[in-house]
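Read through the structure below, which is laid out as structure tokens, and then see the notes.
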Amino acid sequence: MAILYAFLIIAGIGALLGLGLAIADKKLAIEKDEKLVALEQIMPGANCGGCGFAGCADYAAAVASGKAEPGLCSPGGKDLAEKMGKIMGIEVTVGEKKVAYIFCKGSCEKTKKDYDYKGLTDCNAASILFKGDNGCKSGCLHLGSCMAVCDSNAIFRKEDGTLEVDRTKCIGCGKCTKVCPNGVIKLIEDRTQFVVACNSHDKGADVRKVCEVGCIGCKICQVKFPEAGFKVEDNLAVSSPVAPEDQAALAMEACPRKVITRR
Amino acid sequence: MRIIAILLTYVFINNFILVKFLGLCPFIGVSKNSESAVGMGLAVTFVTGTASVVCWCIYHGLLEPFGLQYLQTIAFILVIAALVQLVEMVLKKMSPSLYKALGIFLPLITTNCAVLGIAIINIDESYNLIESFAAGIAAGIGFTMAIILMSNIREQLELKPVRKSFKGVPIAFISAGIMALAFMAFDNSLLTNLHLA
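Those sequence lines, one after another, are chains A and B.
For the first sequence, our numbering assigns the number 19 to the initial residue and increments by one for each residue that follows.
For the second sequence, our numbering assigns the number 227 to the initial residue and increments by one for each residue that follows.
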């Protein structure tokens, strides 16, 4: 009998308090800004922080109060920016969709090692020791810190041990670009078809010594195929996102180090 | 007379924070600036005051007649949690900025041992309803006083050249310890001297 009373009394108190709170919740409900509610609903909910705010809700609040522009959200892209603009009643101009790209093709076979690294599987830890075990001090260290930080699992390891970004999965939040100690990962416009997959600004002869697939700044792509949009700056060729495809393909064939890559 | 004695007891002699060391989490967590400290103090005072009354009623009205005194902890926590929820809703409506400043510490009043502490002390000391209410309010006032003093000290400390290793929470803990030492001056002789005991 006592156990029944105990149950009834505690359940009764709980039910009464719950009822009271439910009534209070209705009475004390706050009217949220309609725009904010609408914005929060269309946010992608990735909470990646690529916009520079603490999360999707934070960004939505900033937009609703006019403190931030729509269109900073890279996972949402153009569609979302337009929807947000419609809710806020303002015109939005959005840049091209950006994705991450790893500017290095060096692997164990193709790149020389300075020493044998046996430590934490973390690029920044390896980087403390003479900027990593690679002979090339600008290349990918292959320890996968970018994979670990990627929330969308867009970075994967290929058979030869090199890393690559899956452009369909990448949301362009830019977290990997910040974690990479050598800055090998950069955000590029998704429409870019040809990239010079090298990050080394060293002189041609030095690159040749340590890596088989590094850009040596020979300028063949720039001089022989002027319309292909390649430009050599500081011993490293850079491609253009709007280069004509046929010309760029020819330049890719002509590259002596085969460092120009079709995405 | 008894009421005044109870008030003095829980504000000074048995100050919850500085003598009994109850409710230290918000005491350190929300004492960075005096505005949110006042808000936290008032919220805690409201909860201790109402919790004392409601818990007293539940204990003597429901638990005692059925011989269920052993359920006091769970019943009290139930009441306190609901009250904190209510305070949260009211604050959200009335003062969103204070709500934001208190942050996580507001829902944490639920598990604040000061609140459960005063509810249980009321029963242990076999206070009547009015005395319980006075004790609850006094405990809250004591908490508010301690947290306001602390926040003022910490605001001053921000401007002082404190060693890097002591900056922030460590120096706050040391200050709290010295304050607690100072509060040891209050003991039952206070009541005897005022002819209250």
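Idealized CB from N, CA, C, for every residue including glycine.
Judged by pairs of C-beta atoms under 8 Å, the segment 261–278 of chain B touches the segment 360–371 of chain B, as three or more such pairs exist.
Around the beta carbon of R275 of chain A, 16 or more other beta carbons sit within 10 angstroms, so the residue counts as buried.
Within chain B, the residues L294 and L297 have their CB atoms less than 7 Å from the CB of A24 of chain A, given in chain order. Along the segment 311–334 of chain B, going in chain order, the ones with a CB nearer than 7 Å to a CB of chain A are Q311, L312, M315, V316, K318 and K319.
Using a CB distance below 7 Å, the part of the segment 25–37 of chain A facing chain B consists of I27, I28, I31, G32 and L35, ordered along the chain. Straight through space, the alpha carbons of F331 of chain B and R380 of chain B are spaced by roughly 18 Å. Here the segment 97–106 of chain A makes no contact with the segment 191–211 of chain A; the two share fewer than three CB pairs at distances below 8 Å. One Cα belongs to A20 of chain A, the other to N354 of chain B, and the distance between them is close to 26 Å. A:N217 is the residue among A:V110, A:V55, A:F248 and A:N217 whose C-alpha sits nearest the C-alpha of C198 of chain A. With respect to chain A, the C-beta atom of A308 of chain B has a partner C-beta closer than 7 Å. At least one CB of chain A lies nearer than 7 Å to the CB of L304 of chain B. Ranking B:L375, B:G394 and B:M376 by CA distance to the CA of E384 of chain B puts B:G394 first. Chain A has a Cβ within less than 7 Å of the Cβ of L288 of chain B. Closer than 7 Å to the CB of I48 of chain A there is at least one CB belonging to chain B. Secondary structure at L254 of chain A: strand, using DSSP grouped into helix, strand and coil. Not a single C-beta of chain B is nearer than 7 Å to the C-beta of A78 of chain A. DSSP places Y119 of chain A in the strand class (E or B) of the three-state scheme. Of the residues assessed, S415 of chain B falls on the exposed side of the cut-off, its CB having fewer than 16 other CB atoms within 10 angstroms.
If you draw a straight line from the Cα of L22 of chain A to the Cα of A42 of chain A, it is about 30 Å long.
The closest CA to that of A24 of chain A, considering only B:G293, B:M405, B:P387 and B:M410, is found on B:G293.
Nearest CB-CB separation between L39 of chain A and chain B: below the 7 Å threshold. Relative to the Cα of V110 of chain A, the nearest Cα in the group A:D97, A:L34, A:L268 and A:K136 belongs to A:D97. A Cβ-Cβ distance of about 5 Å is found for the pair V214 of chain A and S257 of chain A, placing them in contact under the 8 Å criterion.
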